[in-house]
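Comments concern the structure below.
Protein chains: 2
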Amino acid sequence: MIRDAFDAWMRSEIEAVEAALQRFVPAETPGGLGVAMRYGVLDGGKRLRPLLVLAACAAVNSGSETSASRRAMLREASLRAACAVELIHAYSLVHDDMPCMDNDVLRRGKPTVHVRFGEAQAMLAGDAMQALAFEVLTPDEAVVAPALQAQMVRLLARAAGHDGMAGGQAIDLASVGLPMSEASLQDMHRRKTGALLQASVLMGAHCGEPGGMARRALAGYGAAIGLAFQVIDDILDVTQGSEVLGKTAGKDADANKPTYVSVLGLDGARERAHALVGEARSALASSGLADVAWLGLLAERVIHRDC
Amino acid sequence: MIRDAFDAWMRSEIEAVEAALQRFVPAETPGGLGVAMRYGVLDGGKRLRPLLVLAACAAVNSGSETSASRRAMLREASLRAACAVELIHAYSLVHDDMPCMDNDVLRRGKPTVHVRFGEAQAMLAGDAMQALAFEVLTPDEAVVAPALQAQMVRLLARAAGHDGMAGGQAIDLASVGLPMSEASLQDMHRRKTGALLQASVLMGAHCGEPGGMARRALAGYGAAIGLAFQVIDDILDVTQGSEVLGKTAGKDADANKPTYVSVLGLDGARERAHALVGEARSALASSGLADVAWLGLLAERVIHRDC
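Which chain is which? The protein sequence lines are A and B, in order.
In this text, residue positions in the first sequence follow the numbering used here: the first is 8, and each later residue adds one.
In this text, residue positions in the second sequence follow the numbering used here: the first is 8, and each later residue adds one.
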């Protein structure tokens, strides 16, 4: 029954995120850039990061009494954060798929952006998607409280940059064909995938006023599922076909990249993923927050996904 | 005499900006990304955008009485804005020089970032520089007032994105070899180069509390010198050699791109540039601000530069 409610919540939130992205990503732009941007971000993806933002926002606000106007402001702030984090994720995929990086032609079951629009337009679309993420986070002061806007930008910029996602990609680039310890692999993935997933949780958490204990717990939850997500990604890369994944399967092994499967073996990687989801659940249990059901079920979804 | 003072002001501010960039752009980063980022942004460039931020900040604060702590906060905010706008500018050059865009090997008298570090690292370094710009704008709340942080991000994200710089680049890409009216050329350049130059002025202006009249005047000044800068760029592209420019000369004509020189002719372009600087000076004169000397001299510098 809770699962039905969870599915209904997910469907409704994903619809809200799609509608907001439709609103924020312009169709008509100079040079046709908006068309490429929309192709890169609309109608695709599991929207895990937006769901984490919205579930964390729901968790920190459950049971708290707030005025209708403040509730409306926090809803707008969390939807904008959800779209911004998805824009960063989507831009990173657009750039990552380009010939000078992974040279991939398939993504979310469609030709990649550079295949469809050319490399130059793909690079510009990715660049503009990153800028748009920060634009979405900073509407007029009447729409979202300015201190909350600044906090959201602070979290997202750090997670996306040299110390987060881009830094992790650079490690990835530098380590092709080299032996890698589990500790180094973990450091790479904490940045490359984990930082943005954790930032999603923290951005949602900032749409309320959780105490220090809850905040630390949510940070721990975000870190654990961030890593679990990548471990599962590595497992799926070898166990699933391209058709199910919607992207080219087996490419990490082909590219001779270190993965959790290459370092721990398939069974070891599966054990690791389960342990991490256990960590995420323990963190939630220690948060002191009344209603963390959606966050708990999202953690489960991360590990039981098949694409 | 005022020119000596201006030169001294410029030297000292450029030094402050270089020191701040040294502080903000990390040397030690995962995957060596910081090395490529520093190569792309340190020790080079005329730093026109940072100087516009700082001159506008000086103009709106001249004569106003402020506490020492607020002055220190505004100084930090304006220096961060100066670095952020330069990071956006520098990242756009890194991406613009890549083979899928302009395919250029020379920039600021050095091999371009992708020539030195490879295409993948250049793309990541540019991506991380954009994220860093927004990170620099959002330090701890005690360092810069959060509402000012949000305002700075708002201005910079819009100027960098689909409706500004990236949009202008997309128009540029779409119009190679096509005939272009002066109006379309102007629209393209107002976005591609003008938006960021104007944002520099506006970000500086937000480090004070100029009235509506002064704000409109500074916006007009920023728009006029933004366009003048591009007209001069087009002129220099045909009148100067690569050695003086520090980048490949004559490439717009080679690429069959519309420019102010191709549309207006060399003399027409020169007249246009002078008219625009006149507009910029009129805007300053109508601002009601007591001390706009540095902004006036920067406008002159834009038109009298030889590289």
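Glycine included, every Cβ here is placed at the ideal spot set by N, Cα and C.
Measuring C-alpha to C-alpha distances from A:Gly-285 to each of A:Ala-306, A:Lys-199, A:Ala-152, A:Arg-82 identifies A:Ala-306 as the nearest.
Pairwise C-beta distances place the segment 229-245 of chain A out of contact with the segment 182-191 of chain A, as fewer than three of them are shorter than 8 angstroms. The criterion of a C-beta distance shorter than 8 angstroms is not satisfied by A:Ile-239 and A:Ile-178.
Against chain A, the beta carbon of B:Pro-153 has neighbours under 7 angstroms at Pro-153, Ala-154, Ala-157, listed in chain order. Across the structure, B:Pro-118 and A:Thr-246 are spaced so that their CA atoms are roughly 44 angstroms apart.
With respect to A:Val-92, A:Ala-206 sits close: the two C-beta atoms are nearer than 8 angstroms. Assigned with DSSP and collapsed to three states, A:Lys-53 falls in coil, not helix or strand. Look at B:Leu-113 here: in three-state DSSP terms it is strand. In this structure, the beta-carbon distance from B:Ala-157 to A:Ala-157 falls below 8 angstroms. With its beta carbon at least 8 angstroms from every one in chain A, B:Arg-77 lies outside the interface. With contacts defined by Cβ atoms closer than 8 angstroms, B:Asp-298 and B:Ala-66 form a contacting pair. In this structure the segment 129-147 of chain A lies against the segment 157-176 of chain B, because at least three pairs of beta carbons, one per stretch, are closer than 8 angstroms.
DSSP places A:Pro-33 outside both helix and strand once states are collapsed to three, so it counts as coil. Its chain contains Gly-41 as the residues whose beta carbon lies nearer than 7 angstroms to that of A:Glu-35, once the 5 sequence neighbours on both sides are disregarded; these appear in chain order. By the neighbour-count criterion, in which a residue is buried when 16 or more other Cβ atoms sit within 10 angstroms of its Cβ, B:Arg-56 is buried. B:Arg-279 counts as buried, since no fewer than 16 other beta carbons sit within 10 angstroms of its beta carbon. Here A:Leu-113 really is in contact with A:Thr-255; their C-beta atoms are around 5 angstroms apart, less than 8 angstroms. Taking each of A:Ser-293, A:Tyr-98, A:Arg-78, A:Val-150 in turn and checking the Cα distance to A:Gly-219, the smallest one comes out for A:Ser-293.
In the three-state scheme derived from DSSP, where H, G and I count as helix and E and B as strand, A:Pro-265 is classed as coil. In this structure, A:Leu-273 lies near A:Ile-242, with their beta-carbon atoms less than 8 angstroms apart. Within 7 angstroms of the CB of A:Glu-142, the CB atoms of chain B belong to Ala-164, Arg-165, Gly-168, in sequence order along the chain.
The residues Val-150, Val-151, in chain order, have a CB closer than 7 angstroms to that of B:Glu-83 in the same chain once the five nearest residues on each side in sequence are set aside. In this structure, DSSP gives A:Pro-153 a helical state, which the three-state scheme calls helix.
Where A:Leu-225 is concerned, the enclosing alpha helix (DSSP H) starts and stops at 219-246.
A direct Cα-Cα distance of roughly 32 angstroms separates B:Arg-198 from A:Arg-115. Residue nearest to B:Gly-295 within the set B:Ala-26, B:Met-108, B:Arg-223, B:Leu-155 is B:Arg-223 (criterion: CA-CA distance).
Of the candidates A:Leu-225, A:Lys-258, A:Phe-236, the residue whose Cα lies closest to the Cα of A:Leu-302 is A:Leu-225.
Chain-ordered, the chain B residues with CB closer than 7 angstroms to the CB of A:Arg-161 read Thr-145. Residue environment analysis places B:Arg-30 among the exposed positions, since fewer than 16 neighbouring C-beta atoms fall within 10 angstroms of its C-beta.
In this structure A:Asn-68 is buried. Its beta-carbon is surrounded by 16 or more other beta-carbon atoms within 10 angstroms. At least one C-beta of chain A is nearer than 8 angstroms to the C-beta of B:Cys-107. When the alpha-carbon of A:Ala-173 is set against those of B:Gly-38, B:Glu-22, B:Lys-258, the nearest one is in B:Gly-38.
With fewer than 16 neighbouring CB atoms inside 10 Å of its own CB, A:Met-8 falls in the exposed class.
Between the alpha carbons of B:Arg-87 and B:Glu-22 lies a distance of about 14 angstroms.
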